[in-house]
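> Number 90 in this note's numbering belongs to position 42 of the sequence shown; there are no gaps in the numbering. This structure is in structure tokens; I'll ask about it shortly.
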Amino acid sequence: MNNKVKTKTIIIDGIPIPMKISGATYLKFRNEFHEDMFAKLQRVNESEGRKNEEGQIEYQLSGEAIETLLQIAYIMAKQGTPTMETSFEDWLDQFSFSGTMSEGLQGVLAMVNNDQETLEEAKKNTDQPQDQ
49 MNNKVKTKTI IIDGIPIPMK ISGATYLKFR NEFHEDMFAK LQRVNESEGR KNEEGQIEYQ
109 LSGEAIETLL QIAYIMAKQG TPTMETSFED WLDQFSFSGT MSEGLQGVLA MVNNDQETLE
169 EAKKNTDQPQ DQ
């Protein structure tokens, strides 16, 4: 398996969901939701993240942020469980939207942000002049 592909089980509303994120995640998001995942994530990170006293970023999730993270979680869940053929709306039906959902969505956000940092680092390395 490629070491750039990340997998993790994230608990959302008490339900363990196998998640996978790869280079295809962003394309799959666009194909499913007809929106730019990077742009939506940027809005979530800019408007929702606040640094706590220890300097760590904490999130107070708005309705728009929750929707974005649920969409991302759905795509990553489909990648983590390739046999999953459930629609987004049907997938959401398994959750009760209790207070524990926020913790799982923050795990999704951390996983995606970690992947973005990896992509940005790779881009920096690619942008460096190559010796021929």
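Every residue gets a Cβ at the ideal spot worked out from N, C-alpha and C, and that includes glycine.
Once the 5 residues before and after Q119 are set aside, which same chain residues still bring their CB inside 6 Å of it?
On the sequence shown, position 71 is the one that residue 119 refers to. Only F81 meet the Cβ criterion.
> If I measure Cβ to Cβ from I59 and keep anything under 7 Å in the same chain, skipping five residues before and after, which residues do I get?
For the purposes of this step, residue 59 is taken as residue 11 along the sequence shown, with counting starting at 1. These residues qualify, in order along the chain: G152.
> What do you reckon, are the CB atoms on M124 and I63 nearer than 8 Å?
Within the sequence shown, numbered from 1, the residue matching residue 124 stands at position 76. Within the sequence shown, numbered from 1, the residue matching residue 63 stands at position 15. Cβ distance not < 8 Å, so M124 and I63 don't count as in contact.
> Could you tell me the distance, in whole angstroms, from the CA atom of F145 to the CA atom of Q90?
Translated into the one-based positions of the sequence shown, residue 145 becomes position 97. Translated into the one-based positions of the sequence shown, residue 90 becomes position 42. Their backbone Cα atoms lie some 24 Å apart in a straight line.
> Per DSSP, M85 forms a beta bridge with which residues?
Stepping through the sequence shown from its first residue, residue 85 is reached at position 37. Bridge partners of M85: none, in fact.
> In terms of DSSP beta bridges, what is P66 paired with?
In the sequence shown, residue 66 corresponds to position 18, counting from 1. Answer is T57, bridged to P66.
> Which same chain residues end up closer than 6 Å to T116 when comparing Cβ atoms and leaving out the 5 residues on each side of it in sequence?
Here the question's residue 116 lines up with position 68 in the sequence shown. Around T116: K88, V92.
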